[in-house]
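Enquirer: In this note's numbering, the protein residues as written are 12 to 196.
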Amino acid sequence: MNSYVNAAVGALLETIFVLMSVSIASEGIFHSEAPEKEGFAIVAEEAPAAGGEAAPAAAVAQLLASADAKAGETVFKKCQACHDGTKGGPNKVGPNLFGVVDRPITSHEGFAYSAAMKDFSKGGSEKWTFETLNKFLLAPKKDVPGTAMGFAGLAKDQDRADVILYLHTLADSPVPLPDANAATQ
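1. Give me the Cα-Cα distance between residue 37 and residue 18, rounded to the nearest whole angstrom.
2. Cα-Cα, which of 78, 127, 125, 144 is closest to residue 110?
3. So, is residue 72 buried or exposed, given that buried needs 16 or more other C-beta atoms within 10 angstroms?
4. Starting from residue 85 and walking both ways along the alpha helix (DSSP H), at which residues does that stretch end?
5. Might you give, ordered along the chain, the residues of its own chain that have their beta carbon closer than 6 Å to the beta carbon of residue 181, omitting 5 neighbours on each side?
6. For a test of the three-state rule: what should DSSP assign to residue 153, helix, strand or coil?
7. In the structure shown, what three-state DSSP assignment does residue 146 receive?
8. Could you check whether residue 112 and residue 178 sit closer than 8 Å to each other, using their CB atoms as the reference points?
9. For residue 170, count neighbouring C-beta atoms within 10 Å of its own C-beta (all shown protein chains included) and say buried if the count is 16 or more, exposed if not.
10. Using the DSSP secondary-structure output, state which residues sit across from residue 138 in a beta bridge.
11. Is it right to say residue 62 is buried, meaning 16 or more other beta carbons lie within 10 angstroms of its own, or is it exposed?
12. Contact defined as beta carbons within less than 8 Å: I believe residue 86 pairs with residue 155. What is the distance between those atoms, to the nearest angstrom?
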């Protein structure tokens, strides 16, 4: 071998040896044990969404009374990356949403639902009611922990009401809307 190559390899090995020696020495000198008890625990509370918690049935009925399906169609464009709303349309990343209102949760044929969503549906006995949709659309991951749905949710009450009313129109025979007057009495 060339003497220059030998000198370069020797210098590299010597540098590695020195760095490791310094690392081991500094670890021994400056090592500190973890404290047995934390000095101060920081607990951060989650702030509620801008729209607040999902509204009870009476409030959902009142929101739907002032909702606009045309505005809901516009807001629904956020959903179209993963969902189709046409009759007989394909499943995408999420199931087709035609006829979703009052449909049993996890019942759309040909779609593989996550385990979390199957648990949430209680074996298909739960339905997508106006109230269930409102709560789910507020924060899907909070409402159904472990869901594969990556959407953050719709924080504004009006946006959720508009989308729910629009989804309501996506059916051959839409279920009746809840009566806002009867709900307040």
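Ideal Cβ placement from N, Cα and C applies to all residues, glycine included. Model, not experiment: these values are computed from the prediction.
Expert: Walking through what the data contain:
1. The residue given as residue 37 occupies position 26 in the sequence shown. The residue given as residue 18 occupies position 7 in the sequence shown. Straight-line spacing of the CA atoms in residue 37 and residue 18 works out to 28 Å.
2. To locate residue 110, count along the sequence shown from 1; it is residue 99. It is 144 whose Cα lies nearest to the Cα of residue 110.
3. Locating residue 72 in the sequence shown gives position 61, counting from the first residue. Around the C-beta of residue 72, 16 or more other C-beta atoms lie within 10 Å, and the residue is accordingly described as buried.
4. Translated into the one-based positions of the sequence shown, residue 85 becomes position 74. Run containing residue 85: 80 to 86, per the alpha helix (DSSP H) assignment.
5. In the sequence shown, residue 181 corresponds to position 170, counting from 1. Here the set comprises 96, 109.
6. Looking up residue 153 in the sequence shown gives position 142. DSSP places residue 153 within a helical segment (H, G or I) once states are collapsed to three.
7. Here the question's residue 146 lines up with position 135 in the sequence shown. In the structure shown, residue 146 sits in a helix (DSSP, three-state: H, G or I).
8. On the sequence shown, position 167 is the one that residue 178 refers to. On the sequence shown, position 101 is the one that residue 112 refers to. Yes, Cβ-Cβ distance for residue 178 and residue 112 is below 8 Å.
9. Within the sequence shown, the letter at position 159 stands for residue 170. Buried: at least 16 other Cβ atoms inside 10 Å.
10. The residue labelled residue 138 in the question sits at position 127 within the sequence shown. According to DSSP, which records beta bridges pairwise, residue 138 is partnered with 115.
11. In the sequence shown, residue 62 corresponds to position 51, counting from 1. Below a pLDDT of 50, predicted positions are generally treated as unreliable, and residue 62, at 47, falls in that range; the measurement from the model is reported next regardless. The residue in question, residue 62, is buried, as its Cβ has 16 or more Cβ neighbours within 10 Å.
12. Residue mapping note: residue 86 aligns to position 75 of the sequence shown, counting from 1. Residue mapping note: residue 155 aligns to position 144 of the sequence shown, counting from 1. About 20 Å separates the two Cβ atoms, so there is no contact after all.
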